[in-house]
Amino acid sequence: DRASSEGLLHAALVAPGSPRHERTSVQLSADAWSKRELLLDRVARARDGAELAAQLRDQRPDSDGYLTCWRVAREWLRRRVPAQVAEVDEPLLALERLRDHLDVLESRLRRQEQDLRGASEDVARGIDVLVRRAHGQVRRLNQQLDGIQFGSIHGIRVEIRRIERMDQILRALRLGEAQELLFISSIPIEEALDEIFRRYGGGGRAGAQRLLDYREYVELVVEIRRQSTGEWEPANPTKVSTGEAIGIGAALMMVVLTEWERDANLLRARRTAGSLRFLFLDEANRLSRDNLAVLFDLCRTLDLQLLIAAPEVARAEGNTTYRLVRHVADDGREEVIVSGRRAVASDAPAADAPEVSPEALDSSSDAPNDLITS
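First residue of the sequence shown? That's 57 in the working numbering, and the numbers climb one at a time after it.
Written out as structure tokens, the structure is:
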């Protein structure tokens, strides 16, 4: 009667036809003790429920103690459940509302899972788009490389290839196989991405950054074709001469600069004069005449200007040699006198060109330096 008067029982429990009215007080007392033990077990395992469990254990195992336990437990639940559920005084009706609220939350969670699954598919599609764009860029580079030949090299091309183990990661993201790892609340998203990379890509740590970088999904291979064989082969540094290695690298650099110029001009209102295609080479005196001849042949093919430091080839055909001489004037000022000469033929003596006007430049060496342009 006290519980009913305080509104702690649902109307169905106190109705005249309720099955509880047919049970004896001993049976109801045993049932109350069993429910109290179940309540203690559930509260003890709940988050922040240790204090409430201790308070419930302090109550006497009689009718007043059971009523106090129920009142305290209801107050504890009211502070933790949604307001629309906590405002209901009847427990069974509150449980029904709580069940409806959980159904709404489950439906929202399913929608969010679908959204996240779609987001992961968008990541896979975004990486695919970037990879296809890279394929297009490589095709344009190969168009620029078409026709470039020097020495025994009669063809250069760049091959772009997909990496199979990285494609497995894209497949897992696209088909949703990796979704369960993204929903583990106990680990951060970076560790989840690392686990996806380890499980589907066979990698180790630091996989999160690699997983989102489209460049990790492709590999580039430079191939050359020699005049003697006519077949394409990888550009192995141990199988090409120094001049050929420099020429291959210079050719690739020039076509990349050409693409950069093209992209830069697309962003300008009008095209400006000038070019990025200049090649600078230091310590060229380490190259033999044959290697330098290969390099000069490449420069003529690509129509680019080469600036090298090589005093030994001052008389090479078609080159202009600039001589830099450090000079101390009468007033103590240091000057560098620059003079240039051009060799018209390999076996002809070099003709001295008129000296360039001296410019006051700081030089760290008293010895003359020669610069050659081709």
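Ideal placement from N, C-alpha and C gives every residue a C-beta, glycine not left out. Values in this document were obtained by computation on a predicted structure and should not be read as measured data.
*asked:* Please classify V185 as buried or exposed, where buried requires at least 16 other C-beta atoms within 10 Å of its C-beta.
replied: exposed
*asked:* Between which residues of its own chain and R230 is the CB-CB distance below 7 Å, once the five residues before and five after are set aside?
replied: E177 and A180
_S402 to Q200 span [Cα, whole Å]_ = Residue confidence for S402 is low, a pLDDT of 48 falling below 50, so the modelled location carries little weight; the figure read from the coordinates is stated next. Rounded to whole angstroms, S402 to Q200 spans 31 Å at the Cα level.
_Helix, strand or coil at E287 according to DSSP, with G and I counted as helix_ = Shown here, E287 sits in coil according to DSSP, grouped into three states, outside any helix or strand.
_Selection from V277, Q224, F206 and Y270 that minimises the alpha carbon distance to E215_ = V277
*Between which two residues does the alpha helix (DSSP H) containing F253 stretch?*
I245 to G257
*How many Å lie between L337 and V194 at the Cα?*
26 Å
*Per DSSP, E15 forms a beta bridge with which residues?*
Here the chain covers residues 57 to 430 and nothing more, so residue 15 does not appear.
*Ends of the alpha helix (DSSP H) at Q224?*
Boundaries of the alpha helix (DSSP H) around Q224: E220 to L231.
*Counting along the chain, where does the beta strand (DSSP E) carrying R282 start and finish?*
Start and end: V274 to R282.
*Measure the beta-carbon distance from R397 to T377 and round it to whole angstroms, keeping in mind my assumption that it falls under 8 Å.*
5 Å
*Please work out which residues of its chain come closer than 8 Å, Cβ to Cβ, to V187, disregarding the five sequence neighbours upstream and downstream, and give them in chain order.*
R218, Y270, Y273 and V274.
_Where I204 sits in the DSSP three-state scheme_ = coil
*Is the CB-CB distance between L335 and L308 below 7 Å?*
no
*Count the other C-beta atoms from every protein chain shown that fall within 10 angstroms of the C-beta of G192, then say buried if there are 16 or more, exposed otherwise.*
exposed
*asked:* What residue range does the alpha helix (DSSP H) around L343 cover?
replied: Per DSSP, L343 belongs to no alpha helix (DSSP H) and is neither H nor E.
*asked:* To the nearest angstrom, how far is the alpha carbon of S208 from that of M310?
replied: 19 Å
*Could you give the DSSP three-state label for S297: helix, strand or coil?*
Here S297 sits in coil by DSSP.
*Per DSSP, what kind of secondary structure is S242 in: helix, strand or coil?*
coil
*Taking DSSP as the reference, what is the three-state secondary structure of V214?*
Under the three-state reduction of DSSP output, V214 falls in the strand class.
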